[in-house]
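Just below is one structure, and these are the notes that go with it.
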Amino acid sequence: MSDTLHVSEDIAAAPSRPAEAEPPPSVTTESVVEALLLSTDEPLPAPRIAQLLGIGDAGDVKRHIEVLNDRYAQYGASFRIESIAKGFQLLTLPAYNHWISNLHKARADSRLSSAALETLAIVAYKQPILRADIEAIRGVAVGDMLVRLRDINLVRIVGRAEEIGRPLLYGTTTRFLEVFGLSSLKDLPKLDADNPESVPQLTLAE
Numbered sequence: 095m096s097d098t099l100h101v102s103e104d105i106a107a108a109p110s111r112p113a114e115a116e117p118p119p120s121v122t123t124e125s126v127v128e129a130l131l132l133s134t135d136e137p138l139p140a141p142r143i144a145q146l147l148g149i150g151d152a153g154d155v156k157r158h159i160e161v162l163n164d165r166y167a168q169y170g171a172s173f174r175i176e177s178i179a180k181g182f183q184l185l186t187l188p189a190y191n192h193w194i195s196n197l198h199k200a201r202a203d204s205r206l207s208s209a210a211l212e213t214l215a216i217v218a219y220k221q222p223i224l225r226a227d228i229e230a231i232r233g234v235a236v237g238d239m240l241v242r243l244r245d246i247n248l249v250r251i252v253g254r255a256e257e258i259g260r261p262l263l264y265g266t267t268t269r270f271l272e273v274f275g276l277s278s279l280k281d282l283p284k285l286d287a288d289n290p291e292s293v294p295q296l297t298l299a300e
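According to my numbering, the residues represented by the sequence shown are 95 to 300, in order.
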């Protein structure tokens, strides 16, 4: 009995061993690319990623991204690195849009009214375009709407028309591409060949 007690006291008196530290992760070029993309909510151009890496060029970055996407597919990850707005960004797969849209119902971008989306679509498809031409298509004044779309960085002034008064010309922004999940304006839904003046409805990216 005393031996048992003596052993117990020795154990109690012995300093506790610190928990073994988790070994540091293996840092690879791909893991650095992944970390950079996880750390920003804006698309990163390949040349910028290469600059941050300090090695390789844009072509090397694209190959690293292919390796990462292959790995994500193998593991069944819910996201991929996508080309968007002349850069790369980590985005969830469309299969998860339903749940993500429920999470982000209050997102500011989703509060664009149908009138705002209609105006934005006209600018996107017809740019560079005059305010008067937008109003001719919509049949209503759009001055206040253009101001709001500029305030939220979806529309910008791209120049002036070569006509009397030099009126302003409007176009879309890089932020517009991001919000609607487009790599470039070439990715906009195609116009109806039978009705080219009809502008398709825009849909916000999830």
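For every residue, glycine included, the Cβ atom is placed at its ideal position computed from N, Cα and C.
Query                                                                                                                            : Result
Inter-residue Cα distance where the pair is P188 and S172                                                                        : 9 angstroms
Nearest neighbour of G275, chosen from S177, E160, I143 and L132 [CA to CA]                                                      : S177
C-alpha distance - L271 paired with L262, whole-angstrom precision                                                               : 22 angstroms
Sufficient close CB pairs (3 or more, under 8 angstroms) joining the segment 216 to 229 to the segment 252 to 266                : yes
Secondary structure, alpha helix (DSSP H): runs of 4+ residues fully inside the segment 237 to 262                               : 237 to 245
Endpoints, alpha helix (DSSP H) assigned at Q145                                                                                 : A140 to L147
Outcome for V293 when other beta-carbon atoms lying within 10 angstroms are tallied against a minimum of 16                      : buried
Alpha-carbon spacing of G259 relative to E160, whole angstroms                                                                   : 51 angstroms
Three CB pairs or more closer than 8 angstroms across the segment 225 to 243 and the segment 131 to 145                          : no
L211 versus L131, N163, W193 and R232, residue with shortest Cα-Cα distance                                                      : R232
Option nearest A264 by Cα separation, candidates G153, S120 and A218                                                             : The question names Ala, but residue 264 is Tyr in the sequence shown. Ranking G153, S120 and A218 by Cα distance to Y264 puts A218 first.
Cβ neighbour criterion (16 or more within 10 Å) applied to G237                                                                  : exposed
Among L214, L130, E128 and N163, nearest to R269 - alpha-carbon criterion                                                        : L214
Cut-off 7 angstroms between Cβ atoms - residues of its own chain near K284, not counting five sequence neighbours on either side : none
DSSP three-state assignment for E176, whether helix, strand or coil                                                              : strand
Inter-residue Cα distance where the pair is L206 and V241                                                                        : 13 angstroms
DSSP state of L162 mapped onto helix, strand, coil                                                                               : helix
E152 to V126 span [Cα, whole Å]                                                                                                  : It is worth fixing the name first, because residue 152 is Ala in this sequence and not Glu. So the alpha carbons of these two residues sit roughly 15 angstroms apart.
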